[in-house]
Structures are given as C-alpha cells and as structure tokens.
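Q:
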Amino acid sequence: DGGITQSPKYLFRKEGQNVTLSCEQNLNHDAMYWYRQDPGQGLRLIYYSQIVNDFQKGDIAEGYSVSREKKESFPLTVTSAQKNPTAFYLCASSPRDRGNEQFFGPGTRLTVL
Amino acid sequence: SQQGEEDPQALSIQEGENATMNCSYKTSINNLQWYRQNSGRGLVHLILIRSNEREKHSGRLRVTLDTSKKSSSLLITASRAADTASYFCATINTGTASKLTFGTGTRLQVTL
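So the protein lines, in turn, are chains A and B. Just remember that the working numbering sits 1106 ahead of the position in the first sequence, which is counted from 1. Just remember that the working numbering sits 18 ahead of the position in the second sequence, which is counted from 1.
Given below as structure tokens:
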C-alpha cells in the first residue's frame, strides 16, 4: 500500500526542547517537502529536497532543520530557536514528471507547552 | 510568502447546488493546482491546469484559468455533503520549478 506516512499524529513538547517529526514515503518520489499550517491559513513551505543529500530552504526555514539521507525519508527537526512552533506540520512528495503534483501525508499536530 | 488568495473565504450551500471558488495570484505561473483538505487531514490533489490551458474538467470539477487576469476558478457541480472541506489553489511560479505556493483557502460547507 503506497503512500506517505507521518508520525506521530499528535506530539506534545515542553518549550525549549527540540523535536523531530518523521516523514516516510514509498512512492519512489524524488522530491519531498515540509509545510507548516496555522489555524485558518494556507500552507507555508519550510524546507524541500529534490534529491538525496540535498535540500533547500523554503519561505520560513528559521528555527527548523532537515536531512535527506535516504530517498524515502525526510525528517524535520523543530528546534528551540523556533519562536512559535505550535502548528500542524504536513509532509509531501512529488514525482519528477507530474507538473509537481504533490502527495501529502496525514500531518502531525505539534503542541509546545 | 503566499501568492494566491481565494475568494470567498467561506461558502455555505445546500446539497445539489453548485459551488464556485476563485483564486487570484500575483506572478507568472507554469501551472495552477487545486487541492482539498478535510479538517485536520492532509491535502488531496484535485486537478492541475497548465498556463497554456484555459479550462479543464474532472468528474464534477471544472477549473478555468485566465492568465491575463491572473485568476482561476473551481466549480463543483451538484455538490454533496461529502464535499465539505477546505479548498486551496497553489501555483508553480515561473522559475521555481519545484515549489508550490499556496493560497489561503476557501472553507466550503455543504448542508443537507
């Protein structure tokens, strides 16, 4: 069963702690993306990766870090430097030749207490 | 930065009616896409229209694109309660081949 998985669905952390969100895909897609969504808002791009071992900053990369050591995996770390980390985080992937149609995971809701 | 702005922000209709959502954007694009999001879930791709296309259909969906006005519309015909969701337009801007820029979304409520 192909798709994108994100874990966990809900995550609670204390202020000042780093936290890593998981994103795995078995669609054999080259590109992967991380977005942040705040209530009633659209999606804002945090980081993206078009190929293994390479990634680029999106529009709101400050306070976040990523790695792309495997094609299937693109974990996102929310660091203590992120001023307002409570949000819904969405991971997506896209194949090379589909006009960048993106396939989304179910999301992780992070709450920092 | 968010390029697209959807209009209206919220729309409430009865089952069987048509729903029309509009999207405006600011820069030249390669393509424009529409996505659907059920509450608290990930997004699902609905339809893609390229910059050289003016209209596209998929089932009960009809999308138009007017590049001179930098706008697009999504029409859902014969709506159903299951169409209740948020709908987002997203653009691939010229020169940014792999980045989608999302609008702020339209919340559609379809009542029985």
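Heads up, the beta-carbon is just placed ideally off N, CA and C, and yes, glycines get one too. Just so we're clear, the structure is a prediction, and the values are computed from it rather than from any experiment.
1. What whole-angstrom Cβ distance do threonine 122 (chain B) and glutamate 24 (chain B) have, given they're in contact under 8 Å?
2. Give a yes or no on contact between the stretch 1180-1190 of chain A and the stretch 96-111 of chain B, applying the rule of three or more CB pairs nearer than 8 Å.
3. Can you tell me where the beta strand (DSSP E) holding glutamate 73 (chain B) begins and where it ends?
4. Taking only three categories from DSSP, how would you classify aspartate 101 (chain B)?
5. If you count every other CB in all the chains shown that lies within 10 Å of the CB of serine 1200 (chain A), and 16 or more means buried, which is it?
6. Pair every Cβ in the stretch 1162-1181 of chain A with every Cβ in the stretch 1124-1140 of chain A, then say whether three or more of these pairs are closer than 8 Å.
7. Which residue or residues does DSSP assign as beta-bridge partners of isoleucine 31 (chain B)?
8. Can you round the beta-carbon distance between arginine 72 (chain B) and leucine 83 (chain B) to whole angstroms, since I take them to be within the 8 Å contact cut?
9. What is the DSSP secondary structure of serine 19 (chain B), reduced to helix, strand or coil?
A: Quick answer:
1. 6 Å
2. no
3. 73-76
4. helix
5. buried
6. yes
7. B:Val128
8. 6 Å
9. Legend: pLDDT at serine 19 (chain B) = 45, less than 50; position of this residue unreliable, value from coordinates given subsequently. Correct three-state label for serine 19 (chain B): coil.
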